[in-house]
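Structure, as structure tokens:
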Amino acid sequence: MRPFPFLLSVLICLSACGAVSDRYAVTSPQVTQTQAIAFRAVEVRDVSLPAYAADDEITLQAADGRILSAGDVLWADTPDRAVALELSRYLTQVTRARVASSPWPFESLPDARLDVRFETLVAGDDGQYRAAGQYFVAVPDGRRERSGLFDLAVAFDPLAGPSAIASARGQIILDLAVFIARNGLR
249 MRPFPFLLSV LICLSACGAV SDRYAVTSPQ VTQTQAIAFR AVEVRDVSLP AYAADDEITL
309 QAADGRILSA GDVLWADTPD RAVALELSRY LTQVTRARVA SSPWPFESLP DARLDVRFET
369 LVAGDDGQYR AAGQYFVAVP DGRRERSGLF DLAVAFDPLA GPSAIASARG QIILDLAVFI
429 ARNGLR
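Encoded structure:
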């Protein structure tokens, strides 16, 4: 049995159960890696998500490229806010630097500002959660500014439903934090 029809039927059944929406929080994976960076303080200034990823509904991409959702299976937090906070937390844990999402909460200014623009952030019915896009590191003191592309994937079990998708999203944002620390903040 292909996992997509099964998962879609589970999502549809969940949405048909009534007006109550099921909300799923992203599971935070354990951070085991560290990476020294060139900055003491970093602001995650902007995280830009595709429209389907910014929506509260948990979506799944079919093999033919369609993005599907059941409507009543939702993220526990708004995705743009949640991804910015997750990325800030993971960068703090990985780099041991002071990292916060915008607006910058401290009196002293950050040494660098990070913008992340996702072109893809989606779970596929093939069991791969994908994230692709570009990051930009702005440095106000004249040091070298940086940018780079990312294209990451994390495996998950599509038969395990929305909780597996939520766990995969947590892992892929951690993987992105490690990638940016190594390639954009050193």
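Following my numbering, the numbering of the sequence shown begins with 249 at its first residue and continues without gaps. Even glycine gets a Cβ: it sits at the ideal position worked out from N, Cα and C.
Query                                                                                                                                      : Result
Around the Cβ of C265, are there at least 16 other Cβ atoms within 10 angstroms (buried) or fewer (exposed)?                               : In this prediction, C265 has a pLDDT of 49, which is less than 50 and means its spatial position is unreliable; nothing more can be read from the coordinates.
Among residues of its own chain, excluding the 5 on either side of A412, which ones have a beta-carbon nearer than 8 Å to its beta-carbon? : F404, D405 and P406
Relative to the C-alpha of I285, which candidate in A299, T326, W323 and T340 has its C-alpha closest?                                     : T340
Return the first residue and the last residue of the beta strand (DSSP E) that S296 is part of.                                            : A289 to S296
Taking buried to mean at least 16 other C-beta atoms within 10 Å of its own C-beta, is V290 buried or exposed?                             : buried
Using a threshold of 8 Å, state whether the C-beta atoms of V342 and D270 are closer than that.                                            : no
So the beta strand (DSSP E) A348 belongs to, where does it begin and stop?                                                                 : R346 to S349
Quick check: what's the CA-CA separation for Q309 versus Y377?                                                                             : 9 Å
With three or more C-beta pairs closer than 8 Å as the rule, is the stretch 343-355 touching the stretch 384-402?                          : no
Give me the DSSP bridge partner(s) of Y272.                                                                                                : W323
Can you give me the C-alpha to C-alpha distance between G432 and G418, rounded to a whole angstrom?                                        : 20 Å
Runs of 3 residues minimum, wholly inside the stretch 355-402: which ones carry the beta strand (DSSP E) assignment?                       : 360-371 and 376-386
Helix, strand or coil for T340? Go by DSSP, reduced to three states.                                                                       : helix
Considering Cα atoms alone, identify which of R314, Y338, D303 and I315 is closest to T275.                                                : Y338
Can you tell me the Cβ-Cβ gap for P277 and A301, rounded? I've got them flagged as a contact below 8 Å.                                    : Their Cβ separation, rounded to whole angstroms, is 19 Å, which puts P277 and A301 out of contact at 8 Å.
Using the Cα positions of D399 and A380, report the straight-line distance between them to the nearest angstrom.                           : 4 Å
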